[in-house]
Amino acid sequence: MSVITSRTGTENGRITINYEKCNACGLCVMVCKDFSLIMEDGRLKVSDRPLFGCLGCGQCVAVCPHDAIMVEGRTLSSADFEVLKSDNLPDYASLYQLLLNRRSIRDFKDKPVPRELTEKILAMAVTAPMGLPPSDVGVMVLEGKEKVRQFSFDFIDMLKKARWMASPAALKLMRPFIGKENYLMFKTFVTPMVNFFAETREKEENYLLYDAPLAIVFYGNLSDPADPYIAATYATLAAESLGLGACMIGSIGPFLKNMGSDFKKKYHLPPRMRDSITVVIGYPRIKYRKTIGRSFERVYYA
Ligand SMILES: Cc1cc2nc3c(=O)[nH]c(=O)nc-3n(C[C@H](O)[C@H](O)[C@H](O)COP(=O)(O)O)c2cc1C
Ligand code: SF4
Ligand code: SF4
Numbered sequence: 009m010s011v012i013t014s015r016t017g018t019e020n021g022r023i024t025i026n027y028e029k030c031n032a033c034g035l036c037v038m039v040c041k042d043f044s045l046i047m048e049d050g051r052l053k054v055s056d057r058p059l060f061g062c063l064g065c066g067q068c069v070a071v072c073p074h075d076a077i078m079v080e081g082r083t084l085s086s087a088d089f090e091v092l093k094s095d096n097l098p099d100y101a102s103l104y105q106l107l108l109n110r111r112s113i114r115d116f117k118d119k120p121v122p123r124e125l126t127e128k129i130l131a132m133a134v135t136a137p138m139g140l141p142p143s144d145v146g147v148m149v150l151e152g153k154e155k156v157r158q159f160s161f162d163f164i165d166m167l168k169k170a171r172w173m174a175s176p177a178a179l180k181l182m183r184p185f186i187g188k189e190n191y192l193m194f195k196t197f198v199t200p201m202v203n204f205f206a207e208t209r210e211k212e213e214n215y216l217l218y219d220a221p222l223a224i225v226f227y228g229n230l231s232d233p234a235d236p237y238i239a240a241t242y243a244t245l246a247a248e249s250l251g252l253g254a255c256m257i258g259s260i261g262p263f264l265k266n267m268g269s270d271f272k273k274k275y276h277l278p279p280r281m282r283d284s285i286t287v288v289i290g291y292p293r294i295k296y297r298k299t300i301g302r303s304f305e306r307v308y309y310a
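Counting the sequence shown from 1 gives a position; the working numbering is that position plus 8.
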């Protein structure tokens, strides 16, 4: 038995050791933080006292210099492991330059993103780390401006029905229960945002997903809440590396956690959705000339 995920249940990884190839170097034992592997009398063995049960993280297979160990199950198969290429790696300077060049892009050319590029973006996004393997992140792709628009307007129509909850009177009533910070967040951000979406939607304007030609929703199931955000971050960087522009859209996810069962049904999203984040992608209509200096709230060495 191992840790539960929505894709694997409690199945654990099946470990196979090829003793003809294994020279008992111990590298796999060192990297396995589940303690599924032990060295006993100079021989590699599968432990009968792991921490959880093999998680299928694949680290032991990836590190073995002699192809002497394989893990299958929990979505892994032998085809998932390929010897790494170490040429052509971006150095700090080139990666940093890509990150400095990235801006949130909200103005797109009326030009579709070819499926091939979407697949390249997803190929990078799926390499993101996750709280527990295998990734429990689901991905919904809205391809084409019309689909993105329909999704946006359906979402705004759903919001409009629940608009009373963000009205000044309802907020005043809720204030003692939601705390001062949440009250101010609603008052200064959520309420004006919902009203703005509703008013602009009447004019057939899409300020939710900015009429992008591509939108990708990353959502979590049983996963760590951070998982969809990390995959989405990778997707924005992948888009940047392909000459596209992207912007993360956080204004949909919080609502879908708590409402919108018909909307979720229409888009085949899970009824009990957890954290999610949307990324809009397309060819930028504008080019930024300058970097923007950023700072953290604080950095300190404790
Ligand atoms: C978690 C998250 C949620 C965001 N949600 C939205 C959003 O709903 N709408 C939007 O226009 N931009 C959204 N953004 C983009 C931010 O506003 C943007 O990253 C920020 O203003 C900094 O600008 P830059 O990305 O160009 O550096 C979001 C960014 C993040 C990281
Ligand atoms: S796949 Fe991960 S958890 Fe399983 S034995 Fe290998 S290193 Fe350990
Ligand atoms: S890393 Fe490979 S060769 Fe080394 S002990 Fe593990 S299985 Fe054997």
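Note that the Cβ used here is the ideal one computed from N, Cα and C, for glycine as well. Here the structure is a predicted model, which means the values were calculated and not measured.
- About 6 Å separates the beta carbons of residue 161 and residue 209, which is inside the 8 Å limit, making them a contact pair.
- Under the three-state reduction of DSSP, residue 174 is assigned to helix.
- By the Cβ rule, the segment 151–165 counts as touching the segment 214–225, because three or more pairs are nearer than 8 Å.
- Here residue 171 has 202, 203, 206 as same chain residues with Cβ atoms under 8 Å from its own Cβ, once five neighbours each way along the sequence are excluded.
- Annotated three-state conformation of residue 107 is helix, per DSSP.
- The C-beta distance from residue 9 to residue 32 rounds to 28 Å, too long to meet the 8 Å contact threshold.
- Judged by pairs of C-beta atoms under 8 Å, the segment 53–71 touches the segment 32–45, as three or more such pairs exist.
- Counting C-beta pairs closer than 8 Å gives fewer than three between the segment 168–185 and the segment 110–130, which falls short of the contact rule.
- Within the DSSP secondary-structure output, residue 124 pairs in no beta bridge.
- Assignment of beta-bridge partners to residue 13 by DSSP yields 17.
- In the displayed model, residue 234 falls within coil according to three-state DSSP, outside both helix and strand.
- Note that the segment 236–248 does not touch the segment 263–281; fewer than 3 beta-carbon pairs, one per stretch, sit closer than 8 Å.
- Around the Cβ of residue 231, a 10 Å sphere holds 16 or more other Cβ atoms; the residue is buried.
- Note that the C-beta distance between residue 72 and residue 20 is not below 8 Å.
- Shown here, residue 285 sits in a strand according to DSSP, grouped into three states.
- Of the heavy atoms belonging to ligand 3, none sits nearer than 7 Å to the Cβ of residue 65.
- Nearest C-alpha to residue 50 among 58, 37, 56, 129: 37.
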